[in-house]
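As C-alpha cells, the structure follows; a few thoughts come after it.
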Amino acid sequence: MLLIECPWCGPRAESEFSCGGEADIARPLETEKLSDKECGDYLFMRKNPHGVAHEQWMHAQGCRRWFKVQRDTVSYEIQGYATFDRPMAVMEDNGGTSK
C-alpha cells in the first residue's frame, strides 16, 4: 500500500484516495467540430507509460481536494506532488513516504 502525502492533510493511506487518471489532459475548445474518432480519442485514449506518470488524485476520505502526483508506474515510488495552482515539488530522497 502507498502512503500518499496530501498537500493539505499530510501523509495518509492509499485507501483514503481516489485516482482520477492521467493529469493535464487538455479539453478540446470546439467539441461540436470533433469527429467521432477525435471525440473517442479525447474521452478514452490515455497514455499508459512504463515509468514516470503524472496523475491526478483526490483525497476522498479527507479534505476532498484534487492534486497531482508524479509516480513511477514500475516501482510505485512517488516522486513529487503538486496542487493545480503550484508547480510539482520533487521530493528529496529521504526514504520517501511512498514505500
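Add 562 to a position in the sequence shown, counting from 1, and you land on the number used in my numbering.
Positions of the beta carbon are idealized from the N, C-alpha and C atoms, including for glycine.
Just so we're clear, the structure is a prediction, and the values are computed from it rather than from any experiment.
Quiz item: Mapping DSSP to helix, strand and coil, what is CYS601?
Solution: As a working note, residue 601 is residue 39 in the sequence shown. Note: CYS601 maps to helix in three-state DSSP.
Exercise. List the whole-angstrom C-beta distance separating GLN618 from TRP628, where the pair is believed to meet the contact cut-off of C-beta under 8 Å.
Key: Numbered from 1 along the sequence shown, position 56 holds the residue referred to as residue 618. Numbered from 1 along the sequence shown, position 66 holds the residue referred to as residue 628. The distance from the Cβ of GLN618 to that of TRP628 is about 6 Å, consistent with a contact at the 8 Å cut-off.
Quiz item: If you run the structure through DSSP and keep just helix, strand and coil, what is GLU617?
Solution: Start at 1 with the first residue of the sequence shown, and residue 617 comes out as number 55. GLU617 falls in the strand class under three-state DSSP.
Exercise. For THR635, I'd like the list of residues in its chain whose CB is within less than 7 Å of its CB, leaving aside the five on either flank, ordered along the chain.
Key: Your numbering for residue 635 matches position 73 in the sequence shown. Around THR635, the same chain offers PRO611, HIS612, GLY613, ALA615 as residues with beta carbons nearer than 7 Å, after the five sequence neighbours per side are excluded.
Self-check item: Continuous beta strand (DSSP E) stretch holding GLY624: start and end
Solution: Counted from its first residue, the sequence shown places residue 624 at position 62. Boundaries for GLY624: no beta strand (DSSP E) harbours it, and the DSSP string shows neither H nor E there.
Quiz item: At what residues does the beta strand (DSSP E) containing PRO573 begin and finish?
Solution: Residue 573 sits at position 11 when you count from the first residue of the sequence shown. Counting along the chain, the beta strand (DSSP E) containing PRO573 begins and ends at 572 to 575.
Quiz item: GLY583 bridges to which residues according to DSSP?
Solution: Residue numbering aside, residue 583 sits at position 21 when the sequence shown is read from its first letter. Note: GLY583 sits in no beta bridge, so no partner.
Exercise. Pull up the distance between the alpha-carbon of TYR604 and that of ARG574, whole angstroms please.
Key: By one-based count along the sequence shown, residue 604 stands at place 42. By one-based count along the sequence shown, residue 574 stands at place 12. When rounded, the distance between both Cα atoms is 32 Å.
Quiz item: Can the beta-carbon of MET650 be found less than 9 Å from the beta-carbon of GLN632?
Solution: The residue given as residue 650 occupies position 88 in the sequence shown. The residue given as residue 632 occupies position 70 in the sequence shown. In this structure, MET650 places its C-beta atom within 9 Å of the C-beta atom of GLN632.
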